[in-house]
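Chemist:
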Amino acid sequence: MAPTRPQTEQEKFGRHRPLTDRDAHEINRIEELSYDLKVREVMASKIITTSPDVPVSSVLDLLRANRISGVPVVADANLLGVISLEDVVRALQKNELAMPVRNYMTTQLVTVNTFDSIMKAIKAFNEKRLGRLPVIDEHHKLAGIITKGDINRGFLLALERDYKEEEVRRYRASHLFEDIISDRTTLVLRYNIKVGDFNNGGNASSHIKRALLRLGADQQLARRCGIAAYEAEMNLIIHTNNGGILKLEVEPHRISLITTDDGPGIADTQKAQQPGFSTATDKVREMGFGAGMGLVNIQRCVDKMELDSTPGKGTRLTMRIVVPPETLNSKKGSS
Amino acid sequence: MNLQTIVDRLQLTVLTEPRNLSNITPQGGYTSDLLSCVMAGAKSGNIWVTLQAHMNIIAVAAMLDVAAVIITENAQLEEAVIAKANEQNVILLSTPKRSYEVCGNLWEMNIR
């Protein structure tokens with residue numbers, strides 16, 4: 002077969018592909034969880050046990066009936082040992098299935114405590130190559146059993162909880178306008194935009210888009226506002242003397258985006274709105290700006306745009322978007 | 126046609142973190158190096174072909190929810206740009222080919 006396919010990351014770097022920031026973020030979260038989550042939260046607490054005084058043959062039945070390969074041996078809830086299939090086989094070889102469990106159980110045990118972080122359990126699994134660990138509570142009594150599967154499940158549930166938290170945030174935000182009663186409720190978000198800060202260009206508008214989605218705006222509305230905010234934000238970065246302020250005002254029926262700056266101002270605001278008209282420098286154009294389409298794009302995305310400018314003083318750009326009824330309400334908010 | 130097939134056929138290099146590309150189906154494409162034109166012209170789910178490689182393409186790609194960005198002529202990206210793309214869930218692909226050729230290939234593959 003012709004090797005037309007580019008190498009995968011794994012082929013290129015083996016198991017040690019360089020970590021991206023996102024990997025690092027996700028690993029950090031799992032690592033965090035490894036310390037945050039306690040053994041008690043993920044262990045199985047309904048466990049099958051046996052007594053030290055019953056014959057080994059009864060353990061064989063227990064293992065078979067429950068399809069497990071070992072059980073803790075317990076007296077008065079104290080953990081005495083573990084008897085596994087291997088121990089039963091040893092008894093079988095000697096024809097001693099009638100002997101009590103205490104003669105064949107393993108007593109040298111690796112255990113973890115209920116209050117340990119699951120990191121401790123993970124370490125024990127890796128170092129001792131064990132499949133399961135008995136869990137002991139603060140009174141040295143057997144409290145449960147933990148397996149690698151329990152740990153995986155614990156991680157997944159915790160990550161799902163993270164996800165739900167975002168859902169809850171979104172739900173709460175989307176009810177903002179219902180829950181807070183006033184004659185006129187306005188949510189104002191203000192962003193300070195630095196001149197020449199291309200590296201952070203688009204950050205404010207992406208925050209605006211996310212805020213609107215959380216407030217219950219649909220994708221279409223959030224996108225329109227996002228694009229308008231982006232163009233206005235870039236204008237502050239590219240064209241102002243000292244940067245400016247990008248402000249979002251959300252009301253149940255209307256969204257306003259307003260930028261203000263203190264110069265240099267626009268000599269001819271009509272000309273500035275013509276498609277293709279640009280005063281951007283070559284350096285800025287090289288980065289793909291200065292198409293002379295910024296204000297044109299804004300106009301396309303918003304319902305009303307006003308450009309006020311005084312040369313030498315500054316510019317104020319007001320953009321208004323009508324919110325369709327029920328958009329920023331409970332109806333669509335939670336989905 | 127899914128993004129993995131496109132990556133394989135055009136021999137694109139995936140710059141952002143590996144993820145399952147076979148469940149992403151790009152809908153059409155757009156090419157321009159002028160960001161405002163992209164803002165106006167590219168649709169959500171498009172493949173965006175450009176030789177711009179600086180930080181601001183990420184904000185544009187994220188805002189528009191494009192399926193992926195193909196950066197042509199092996200334009201070099203800074204680490205920070207790739208990191209930002211990962212953070213914003215933007216897929217960056219790279220090729221030594223020119224934008225013209227890439228668009229031609231995509232068109233032939235019925236990405237229209």
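Heads up: the protein sequence lines correspond to chains C and Z, in order.
Numbered per our numbering, the first sequence spans residues 2 to 336.
Numbered per our numbering, the second sequence spans residues 126 to 237.
For every residue, glycine included, the Cβ atom is placed at its ideal position computed from N, Cα and C.
Nothing here was measured: the structure is a model prediction, and the numbers come from that model.
1) Below 8 Å on the Cβ atoms is my contact criterion, and I expect C:L98 with C:V57 to pass it. Report the Cβ-Cβ distance as a whole number of Å.
2) For Z:G166, name the three-state secondary structure that DSSP assigns.
3) To test your reading of the DSSP string, which unbroken beta strand (DSSP E) runs of 3 or more residues are found completely within the segment 66-139 of chain C?
4) Assuming C:M106 and C:I84 make a contact with CB atoms under 8 Å, what is their CB distance in whole Å?
5) Output the boundary residues of the beta strand (DSSP E) element that contains C:I143.
6) How about C:M100: is its C-beta nearer than 8 Å to some C-beta of chain Z?
7) Given that Z:M180 touches chain C, what residues does it touch there, using C-beta distances under 8 Å?
8) Does any C-beta atom of chain C lie closer than 8 Å to the C-beta of Z:S161?
9) Comparing alpha-carbon positions, which option in Z:N127, Z:G170, Z:T175 lies nearest Z:C162?
10) What does the Cβ neighbour count give for C:D62, buried or exposed, with the cut at 16 atoms within 10 Å?
11) Please give the ranges of any alpha helix (DSSP H) in the segment 244-303 of chain C, keeping only runs that are unbroken, at least 4 residues long and fully inside the region.
12) Is there at least one Cβ from chain Z nearer than 8 Å to C:A281's Cβ?
13) Under 8 Å, do Z:V185 and Z:L160 count as touching if we go by C-beta distance?
14) Rounded to the nearest angstrom, what separates C:K333 and C:A218 at their Cα positions?
15) Closest to C:D198 by CA distance: which of C:R173, C:G244, C:S175 is it?
16) Considering only their Cβ atoms, is the gap separating C:T112 from C:P135 smaller than 8 Å?
17) Cβ closer than 8 Å: which chain C residues qualify as neighbours of Z:Q177?
18) Given a cut-off of 8 Å, decide if C:N298 and C:Q246 are closer than it, judged by their beta-carbon atoms.
19) What in chain C is Cβ-close to Z:A187, meaning under 8 Å?
20) How is C:S336 classed by DSSP in three states: helix, strand or coil?
21) To the nearest angstrom, how far is the alpha carbon of Z:S147 from that of Z:N181?
22) Indicate whether at least one CB of chain Z lies closer than 8 Å to the CB of C:N298.
23) Opposite C:Y36 in the DSSP bridges: which residues?
24) Is it the case that the segment 161-171 of chain C contacts the segment 114-133 of chain C, given that we only count it when at least three CB pairs across the two stretches are under 8 Å?
25) Please list, in chain order, the chain Z residues whose beta carbon lies closer than 7 Å to that of C:V228.
26) Span of the beta strand (DSSP E) holding C:V189?
27) Would a check of beta-carbon distances place C:M294 closer than 8 Å to chain Z?
28) Roughly how many angstroms lie between the CA atoms of C:E234 and C:R211, to the nearest whole one?
29) How would you call Z:N171, buried or exposed, if buried means at least 16 neighbouring beta carbons within 10 angstroms?
30) Since C:A45 and C:I146 are thought to touch, with beta carbons under 8 Å apart, how far apart are those beta carbons, to the nearest angstrom?
31) Taking the alpha-carbon positions, what's the C:R154 to C:R30 distance?
32) How about C:T270 and C:S310: are their beta carbons less than 8 Å apart?
33) Using a Cβ cut-off of 7 Å, which residues of the segment 230-249 of chain C contact any Cβ in chain Z, in chain order?
34) What residues are listed by DSSP as bridge partners for C:M320?
35) Quick one: using the 10 Å Cβ neighbour count with 16 as the cut-off for buried, is Z:L205 buried or exposed?
36) Use the C-beta contact count for C:N322: other C-beta atoms within 10 angstroms, 16 or more gives buried, fewer gives exposed.
Modeler: The short version:
1) 5 Å
2) helix
3) 71-76, 79-85, 133-137
4) 4 Å
5) This sequence places Leu at residue 143 of chain C; Ile is not what is there. Element bounds for C:L143: 143-148.
6) no
7) F199, N200, G202
8) yes
9) Z:T175
10) exposed
11) 270-273, 283-287, 295-302
12) no
13) yes
14) Because C:K333 sits at a pLDDT of 38, beneath the cut-off of 50, its placement in the model cannot be relied upon, and the following sentence gives the value as read from the coordinates. Going from the Cα of C:K333 to the Cα of C:A218 covers about 8 Å.
15) C:G244
16) yes
17) M288, G289
18) Reading the sequence as shown, one finds Ile at residue 246 of chain C and not Gln. For C:I246 and C:N298, no; Cβs fall outside 8 Å.
19) G203, S207
20) With a pLDDT of 35 at C:S336, under the threshold of 50, the modelled position of that residue is not reliable, and the figure given next carries that caveat. C:S336: coil per DSSP, three-state reduction.
21) 27 Å
22) yes
23) Paired residue(s): none; C:Y36 is not in a bridge.
24) no
25) Note that residue 228 of chain C is Ile in the sequence shown, not Val. Those within 7 Å of C:I228 in chain Z are M164, M188.
26) 188-194
27) yes
28) 16 Å
29) buried
30) 5 Å
31) 15 Å
32) yes
33) Y231, E232
34) C:L258, C:M306
35) Note on residue identity: the sequence assigns Ala, not Leu, to residue 205 of chain Z. By the 10 Å Cβ count, Z:A205 comes out exposed.
36) Looking at the sequence shown, residue 322 of chain C is not Asn but Ile. With 16 or more other Cβ atoms within 10 Å, it is buried.
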